[in-house]
Amino acid sequence: MRRRLAAAVAGGTLVFCVSASASSLGGLDVSNLASGAGVVVACDDDGLSTSYTTSAGKVTAVTVSGIADPGCEGARLSLSLVTNGKAQIGSGGPVVVPFDEGTADDSVTVPVATRPDVSAIAGVHIVMEGP
Amino acid sequence: MTLTVNARSLGSRRVAAAALLLGLPALGGLCVGGAAAGFPVDSDHLTVVSRPESVPATSCTAAATADTHTDQQDRNTNFGTASELRVGARNAQVKRTFITFDLAACAIPSGARVLSASLRLHVATRPTQPRSYDVHRLTGGFVESTLTWNTAQPTSATSVTSSSTIGPTTGATLTWDVRSDVARFVSTQATSHGWLLRDATESGPTLYQAAFSSRDHAVVERRPLLVIDYYS
Numbered sequence: 001m002r003r004r005l006a007a008a009v010a011g012g013t014l015v016f017c018v019s020a021s022a023s024s025l026g027g028l029d030v031s032n033l034a035s036g037a038g039v040v041v042a043c044d045d046d047g048l049s050t051s052y053t054t055s056a057g058k059v060t061a062v063t064v065s066g067i068a069d070p071g072c073e074g075a076r077l078s079l080s081l082v083t084n085g086k087a088q089i090g091s092g093g094p095v096v097v098p099f100d101e102g103t104a105d106d107s108v109t110v111p112v113a114t115r116p117d118v119s120a121i122a123g124v125h126i127v128m129e130g131p
Numbered sequence: 132m133t134l135t136v137n138a139r140s141l142g143s144r145r146v147a148a149a150a151l152l153l154g155l156p157a158l159g160g161l162c163v164g165g166a167a168a169g170f171p172v173d174s175d176h177l178t179v180v181s182r183p184e185s186v187p188a189t190s191c192t193a194a195a196t197a198d199t200h201t202d203q204q205d206r207n208t209n210f211g212t213a214s215e216l217r218v219g220a221r222n223a224q225v226k227r228t229f230i231t232f233d234l235a236a237c238a239i240p241s242g243a244r245v246l247s248a249s250l251r252l253h254v255a256t257r258p259t260q261p262r263s264y265d266v267h268r269l270t271g272g273f274v275e276s277t278l279t280w281n282t283a284q285p286t287s288a289t290s291v292t293s294s295s296t297i298g299p300t301t302g303a304t305l306t307w308d309v310r311s312d313v314a315r316f317v318s319t320q321a322t323s324h325g326w327l328l329r330d331a332t333e334s335g336p337t338l339y340q341a342a343f344s345s346r347d348h349a350v351v352e353r354r355p356l357l358v359i360d361y362y363s
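Chains as they are written, first to last, in this note's numbering: chain A, 1 to 131; chain B, 132 to 363.
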């Protein structure tokens, strides 16, 4: 599920809030952050896909694909892997989304140094900053 | 779940996105405080995706490469090309099935973690009373085209890998959990010789017999399967 976040400005402090039940957390992205000083928008608004590289039952890397091209080229992508209890058990990045001449969606592979156990992973959080 | 992005310093192009990424799990959801540590956002783009997700396992389905049964009452007959695999119990009329699969075709790496492994046989004939059938890991090979009751029997583990029960009216397919054996094959990269299938109680005055479709059965969907799920 994707939610667009509306902006609210109060006394110079910008606060965004969105509520959803845990069961409805099918995916959440910040598509538009705005303030009086400027606007921050998502470079990709049609979702990202993930695939996992594993070794001996451990995650060694996550490949994120479906990254908008050219919109996200040059962005720095980081991610974290969490348990069902929201504990972070792995992270990786930032990895820069490469520039290319094509217009097909891009993908990047993010090494996960901590090599978390695959069976413990219950969620993923991805942040792309830029370009 | 609540997501709060406090962009108090958005005017200076800083957003607490690092906390969104790194502090969020500890906070039990997407929640970023205003004074949380952040990293500079030098552009106009910030894309955040958060979702529940598990790592999908790899699945492999292996077909039998050899299967047959032996018959104590028909000691010199080879059933390697029969369309049925028989398991029977009765004094002097015992029947046992031997089956193996091409695990190598699955190319499971030695460090893989086997999540599940199921031996599945289609039931062609049910016993007249509920019976339990045991599978034992074979420790020696057999030749499908020559194995009989009277030839040297392949060696097998004395311990039962798993047991499944079938009655006279239920079950089109019988499944055995052979995860422990497959995990052993994978971790040691040892040759898998397959399994022996036998009635848990072979002796007795009454004949109880079941038959399963073999790899020679005309209907492909009824042939034996070994289904393995694993993390490489």
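Note that CB positions come from ideal geometry on N, CA and C, so glycine has one too.
Checklist entry - Should A:E101 go down as buried or exposed, given a rule of 16 or more other Cβ atoms within 10 Å for buried? => result Per the 10 Å Cβ criterion, exposed.
Checklist entry - Applying a beta-carbon distance threshold of less than 9 Å, which residues of chain B neighbour A:P98? => result In chain order: nothing, as chain B lies at least about 16 Å away.
Checklist entry - A:E73 versus chain B: which residues are under 7 Å apart at the beta carbon? => result Neighbours of A:E73 in chain B, taken as residues at a C-beta separation under 7 Å, are lacking, since the least C-beta distance is about 11 Å.
Item to check | Simplified DSSP assignment, three categories, for B:D105 | outcome: With chain B represented from 132 up to 363, any question about residue 105 of chain B goes unanswered, as that position is not in the structure.
Checklist entry - Any contact of the region 340-354 of chain B with the region 235-250 of chain B, i.e. 3+ C-beta pairs under 8 Å? => result For the pair of segments examined, the region 340-354 of chain B was found not to touch the region 235-250 of chain B: the number of CB pairs separated by less than 8 Å stays below three.
Item to check | For A:V82 and A:G90, the rounded distance between their alpha carbons | outcome: Taking the straight line joining both Cα atoms gives about 7 Å.
Checklist entry - Mind pulling the chain B residues with CB within less than 9 Å of A:T109? => result Neighbours of A:T109 on chain B: none; closest Cβ ~15 Å, over 9 Å.
Next on the checklist: Using beta carbons (cut-off 8 Å, strictly below), is B:T319 in contact with chain A?
Outcome noted: No, because no Cβ of chain A sits closer than 8 Å to the Cβ of B:T319.
Item to check | A:I126 CB to nearest heavy atom of the ligand GTP below 7 Å | outcome: Annotation note on the ligand GTP: not contained in the displayed structure, which lists no ligands.
Next on the checklist: What does the alpha-carbon distance come out to for the pair A:V96 and B:S363?
Outcome noted: B:S363 has its alpha-carbon roughly 27 Å from the corresponding atom of A:V96.
Checklist entry - In terms of residue numbering, what span does the alpha helix (DSSP H) encompassing B:D312 cover? => result R310 to T319 is the extent of the alpha helix (DSSP H) around B:D312.
Item to check | For A:V127: DSSP bridge partner residues | outcome: Under DSSP, A:V127 forms a beta bridge with A:S78 and B:V179.
Checklist entry - Is the shortest distance between the beta-carbon of B:D308 and the beta-carbons of chain A less than 8 Å? => result Chain A, which has no Cβ nearer than 8 Å to the Cβ of B:D308, makes this no.
Checklist entry - Taking only beta-carbon atoms, is A:S49 less than 8 Å away from chain D? => result No chain D is part of this structure, whose protein chains are labelled A and B.
Item to check | Residue interval of the beta strand (DSSP E) (run including A:P111) | outcome: Note, A:P111: beta strand (DSSP E), D106 to P111.
Checklist entry - What in chain B is Cβ-close to A:T54, meaning under 8 Å? => result In chain order: V186, Y362 and S363.
Next on the checklist: Counting only beta-carbon separations shorter than 8 Å, does A:E129 have a partner in chain B?
Outcome noted: By this cut-off, A:E129 is an interface position.
Item to check | B:R206, buried or exposed, once every other Cβ within 10 Å from all chains shown has been counted against 16 | outcome: Under this definition B:R206 is an exposed residue.
Checklist entry - Can the beta-carbon of B:V364 be found less than 8 Å from the beta-carbon of B:A349? => result Since the first residue of chain B shown is 132 and the last is 363, residue 364 of chain B is not available in this structure.
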